[in-house]
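Following: one structure in structure tokens, then a few remarks.
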Amino acid sequence: MGTRLKLSIKAMFTKRDGREQQMEHAERYSGGVVNHSSFGGAYAGRYDVIVAGLGTAGAIAAITAARQGLKVLGVERLHGMGGTGTAGAVWSYYYGSRGGISEPLDEQVLTLAAGCFTPSQGVNGEAKMIVMEQEVIQLGADLRYESTITGVLRRGKRVCGIEWISPEGRFTADSEVVIDCTGDAHVCAHAGAGMYCGRKMDGQLQPFSNVWLQLENGQVNCRHTDSGYADPGDALALSQAILTSATVSTHLKDTYTERDRWLRLAPLTGIREGRLIEGEAQVTLECVLNDIHTTEPLYYAYAHVDLHSKDTAFESEVLQKWSVACSMWGHKLSVPVPLGALIPRGMEGLLVAGRCLAVDHDLATCVRMKRDMQKAGEAAANAAYLSITRKVPLREVPYPELSALLTATGCLQASGHNTGPAWLGAPESIREGMSSAHPGLSIWSAVRMGGSIHAALRAWMTQVPESDLSKHSAFALALLGYASSAPVLRKLARVKDPFVPQTRLVHKRGHGRGYSAILLLGLLADKDAADLLYTLLEEPVEAFPDPDASEASETPAEVHFQYVSFAVAALARIGDRHSDTRCPTAEAYCKLLHRKDLGFEVALPGAPHIPYDMLPKIRLCIEQTILRWDIGPLSWR
1 MGTRLKLSIK AMFTKRDGRE QQMEHAERYS GGVVNHSSFG GAYAGRYDVI VAGLGTAGAI
61 AAITAARQGL KVLGVERLHG MGGTGTAGAV WSYYYGSRGG ISEPLDEQVL TLAAGCFTPS
121 QGVNGEAKMI VMEQEVIQLG ADLRYESTIT GVLRRGKRVC GIEWISPEGR FTADSEVVID
181 CTGDAHVCAH AGAGMYCGRK MDGQLQPFSN VWLQLENGQV NCRHTDSGYA DPGDALALSQ
241 AILTSATVST HLKDTYTERD RWLRLAPLTG IREGRLIEGE AQVTLECVLN DIHTTEPLYY
301 AYAHVDLHSK DTAFESEVLQ KWSVACSMWG HKLSVPVPLG ALIPRGMEGL LVAGRCLAVD
361 HDLATCVRMK RDMQKAGEAA ANAAYLSITR KVPLREVPYP ELSALLTATG CLQASGHNTG
421 PAWLGAPESI REGMSSAHPG LSIWSAVRMG GSIHAALRAW MTQVPESDLS KHSAFALALL
481 GYASSAPVLR KLARVKDPFV PQTRLVHKRG HGRGYSAILL LGLLADKDAA DLLYTLLEEP
541 VEAFPDPDAS EASETPAEVH FQYVSFAVAA LARIGDRHSD TRCPTAEAYC KLLHRKDLGF
601 EVALPGAPHI PYDMLPKIRL CIEQTILRWD IGPLSWR
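If you're matching positions, the sequence shown starts at 1 in UniProt numbering and goes up one per residue.
This is the structure we're talking about:
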């Protein structure tokens, strides 16, 4: 028996309570987790920390762990470090909070790039890959490129290592801690951790992007466009999406000018969302908006709720309230991220860093910025370091020590460094905002005040009818659950009020007041609005307002889609509360689906010439509603 095989067998057992406990090999197969008592991979050694995936979060995790003196193995399916910020060609930062070890690394990148690369926008990705690789090699970490995770080593709920496959064959290594930085929680999937994916209605994720580099005025700039929907956990669907999107005319044109001549299409697809873990602590948009925060943050994510889909009628209630009723898309939030959001629930020896954090679908669009993902990698590596050196489980890592490490590099900064919206507290300030073209902050501030502002809102709604103040006061009252707002909302829906609120930051993702009123009527379950909504479902596209400056409704078909989709969803909510509306609503649904003139072609942001048919989404919402009501067979299919 060879030495390597002897070591491999020996590594499969550990002493526990004076007894040897066998290690299992677990892998994901045909959608489930399969356990084996043995494995066929060659043993590659024992490490303190294994970092699976060396992208935005993983590269920083590997460097941080190695700087702490840990023995580190990094496994990456590509042939370089950095992920989205290097191979993905997203060289600039959008939002996210500054600080952490990535800041001085970026300074090194700028210095290197200035000496040997064409001037570029942001942080040159080619130079960044070199800097990070030099750093991790000097620190003595082991790297395995072109290697794909195929399973984990596990003792019960404790993850003790990984299995991977490379051009050389199949290998395993064990460790004290594994940090899953694969983006889509592949290690967690092999280990059998709890996860979920996408929104509730249909599991739809955020659109993915294609990114390309082009030379403009002697500078390399990155450009992107949303290119479609795909589940990164579905290899076939993702492959088809990549092949299709690689040839779209947003970047692959018939002819080019000197201004739009491009250098290359990024080989790494811009995935915004994939699997999300169920963590020891779950961070949700609803909690953030209600100031339910951890008192022990690792870092603060900082961005707005960067929703790219246009079919918001099928998103969650809290997301609709925030982004549609208040048009708060552009308002940034400061989100404290706790250690529990990096620990898969019930698992030991396993952390995540990257976009698969324990957040909900609504908040995933906010906490995924590159700066914040780098901080997640740094925080995870420091938590692993303390767990190993203090010999405590990850969930018991002493927070004072962990926060001290993160504060020293600026990864953790005072919550006031990047703050969310400055909520209004004075009624007169709220009144002034509701009378303006950017009422969202005032509406949400009123909602936060609750019943204490009810009387003022009622007075403003009735004192000056037809004014912006009256209409926006009705919005706030509806969000607070007061049915007294319904008559004003019905009128706004009936006339299809075309006003699109602005924000102090951005106008392009605002939502029309007419269909926003329909959303609120549905949330109120306003039975008296049903007939109005039935009529709306029968009207031709010419009966709806002209397209506006918002990306949600740039064409007549998109305006029509917004009204119809919100009406369909509102009628479902009304029927959930009032059973006597279910049969007439089902008949109205049936008439809608049998119309010959329906055409709900909606384009993704940045790609107006690539339409998506949204009729299947409307049909699915209707089907789910009819099945939920169980009202018997109808000819609505």
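In this text, a Cβ means the ideal position worked out from N, Cα and C, and glycines have one as well.
A quick note: this is a predicted structure, and the numbers were derived from the prediction, not measured.
For this session: Please classify residue 440: is it buried, with 16 or more other beta-carbons within 10 angstroms of its beta-carbon, or exposed?
Result: The residue is buried, with at least 16 neighbouring Cβ atoms inside 10 Å.
Exercise. Roughly how many angstroms lie between the CA atoms of residue 455 and residue 559, to the nearest whole one?
Worked result: Between residue 455 and residue 559, the alpha-carbon positions lie close to 35 Å from each other.
For this session: Would you list the residues sitting across from residue 73 in a DSSP beta bridge?
Result: Answer by DSSP bridge pairing, in chain order: 50 and 142.
Exercise. Which of helix, strand or coil does DSSP assign to residue 293?
Worked result: Three-state result, residue 293: coil.
Exercise. Would you report the Cα separation of residue 401 and residue 123, rounded to the nearest angstrom?
Worked result: So the alpha carbons of these two residues sit roughly 32 Å apart.
Exercise. What are the residues that DSSP puts in a beta bridge with residue 344?
Worked result: Bridge pairing for residue 344: 279 [DSSP].
Exercise. The beta strand (DSSP E) with residue 174 in it runs from where to where?
Worked result: In the DSSP annotation of this structure, the continuous segment of the beta strand (DSSP E) that includes residue 174 starts and ends at 169 to 180.
Problem set entry | residue 350 vs residue 394 beta-carbon contact at 9 Å | The Cβ atoms of residue 350 and residue 394 sit closer than 9 Å to each other.
Exercise. How is the alpha helix (DSSP H) around residue 215 delimited, first residue to last?
Worked result: Counting along the chain, residue 215 sits inside no alpha helix (DSSP H); it lies in the beta strand (DSSP E) bounded by residues 208 to 216.
Problem set entry | Segments assigned alpha helix (DSSP H), at least 4 residues, entirely inside the region 219 to 292 | Taking only runs of at least 4 residues, the alpha helix (DSSP H) segments lying wholly in the region 219 to 292 are 235 to 245 and 285 to 289.
For this session: Could you check the C-alpha separation between residue 140 and residue 398 for me, to the nearest Å?
Result: Cα to Cα, residue 140 sits roughly 27 Å from residue 398.
For this session: For residue 423, name the three-state secondary structure that DSSP assigns.
Result: Reduced to three states, the DSSP call for residue 423 is coil.
Exercise. For residue 8, which residues from the same chain have a beta carbon less than 6 Å from its beta carbon, with the 5 sequence-adjacent residues on both sides left out?
Worked result: Reliability of the predicted coordinates at residue 8 is poor, the pLDDT of 38 falling under 50, and the value obtained from them is presented with this limitation in mind. 43, listed in sequence order.
Exercise. Where does residue 38 fall in DSSP's three states?
Worked result: Here residue 38 sits in coil by DSSP.
Exercise. What did DSSP end up calling residue 121 once you bin it into helix, strand or coil?
Worked result: In this structure, residue 121 counts as coil in the three-state DSSP scheme.
Exercise. Candidates 34, 91 and 196: which alpha carbon is nearest residue 276's?
Worked result: Ranking the options by Cα distance to residue 276, first place goes to 196.
Exercise. Opposite residue 32 in the DSSP bridges: which residues?
Worked result: Secondary-structure assignment with DSSP links residue 32 through a beta bridge to 29.
Exercise. Does the Cβ of residue 687 have 16 or more other Cβ atoms within 10 Å, making it buried, or fewer, making it exposed?
Worked result: Since the first and last residues shown for the chain are 1 and 637, residue 687 lies out of range.
Exercise. Over what stretch of residues does the beta strand (DSSP E) that includes residue 601 continue unbroken?
Worked result: Residues 601 to 604.
Exercise. Across which residues does DSSP place residue 94 in a beta bridge pair?
Worked result: None; residue 94 has no bridge partner.
Problem set entry | Residues bridged to residue 350 (per DSSP) | Paired residues: 178.
Problem set entry | Other residues of its chain near residue 534: CB distance less than 6 Å, five sequence neighbours each side excluded | Result list for residue 534: 588, in chain order.
Problem set entry | Terminal residues of the alpha helix (DSSP H) in which residue 440 lies | Note, residue 440: alpha helix (DSSP H), 440 to 449.
Problem set entry | Same chain, Cβ closer than 7 Å to residue 183, five either side skipped, listed in chain order | Cβ-Cβ distances below 7 Å link residue 183 to 53, 55, 271, 274, 354, 355 and 356 in the same chain, with the five nearest sequence neighbours on each side left out; the list follows chain order.
Exercise. According to the neighbour-count rule (16 or more other Cβ atoms, all chains shown, within 10 Å of its Cβ), is residue 16 buried or exposed?
Worked result: Confidence in residue 16 is poor, its pLDDT being 36 and thus under 50, which makes the residue's placement too unreliable to answer from.
Exercise. Of all the options 595, 85 and 191, which has the alpha carbon lying nearest to the alpha carbon of residue 23?
Worked result: Residue 191 is the option with its Cα nearest to residue 23.
For this session: Give the DSSP-derived three-state secondary structure of residue 306 in the structure shown.
Result: In this structure, residue 306 counts as coil in the three-state DSSP scheme.
Problem set entry | Exposure label - residue 127; buried when at least 16 CB within 10 Å | So residue 127 ends up on the buried side.
For this session: Give the C-beta separation of residue 188 and residue 175 to the nearest angstrom, bearing in mind that I take them to be a contact with Cβ-Cβ under 8 Å.
Result: Contact doesn't hold; Cβ gap of about 15 Å is too wide.
Exercise. Shortest alpha-carbon distance to residue 30 belongs to which of 167, 150 and 117?
Worked result: It is 150.
Exercise. With C-beta atoms as the reference, is residue 511 less than 9 Å away from residue 327?
Worked result: Taking 9 Å as the Cβ cut-off, residue 511 and residue 327 qualify as a contacting pair.
For this session: Identify whether residue 613 lies in helix, strand or coil by the three-state DSSP scheme.
Result: Taken through DSSP and simplified to helix, strand or coil, residue 613 comes out as strand.
Exercise. So residue 400 is in the alpha helix (DSSP H); what residue range does that whole segment cover?
Worked result: Where residue 400 is concerned, the enclosing alpha helix (DSSP H) stretches over 399 to 409.
Exercise. Would you say the region 369 to 381 touches the region 54 to 73, given that touching needs at least three Cβ pairs under 8 Å?
Worked result: Three or more beta-carbon pairs separated by less than 8 Å link the region 369 to 381 to the region 54 to 73, which places the two stretches in contact.
Problem set entry | Three CB pairs or more closer than 8 Å across the region 293 to 304 and the region 540 to 549 | No, because fewer than three Cβ pairs between the region 293 to 304 and the region 540 to 549 fall closer than 8 Å, the two stretches do not touch.
For this session: Determine, using beta-carbon pairs with one atom in the region 88 to 98 and one in the region 253 to 273, whether at least three such pairs fall under 8 Å.
Result: Contact holds: three or more Cβ-Cβ distances are below 8 Å.
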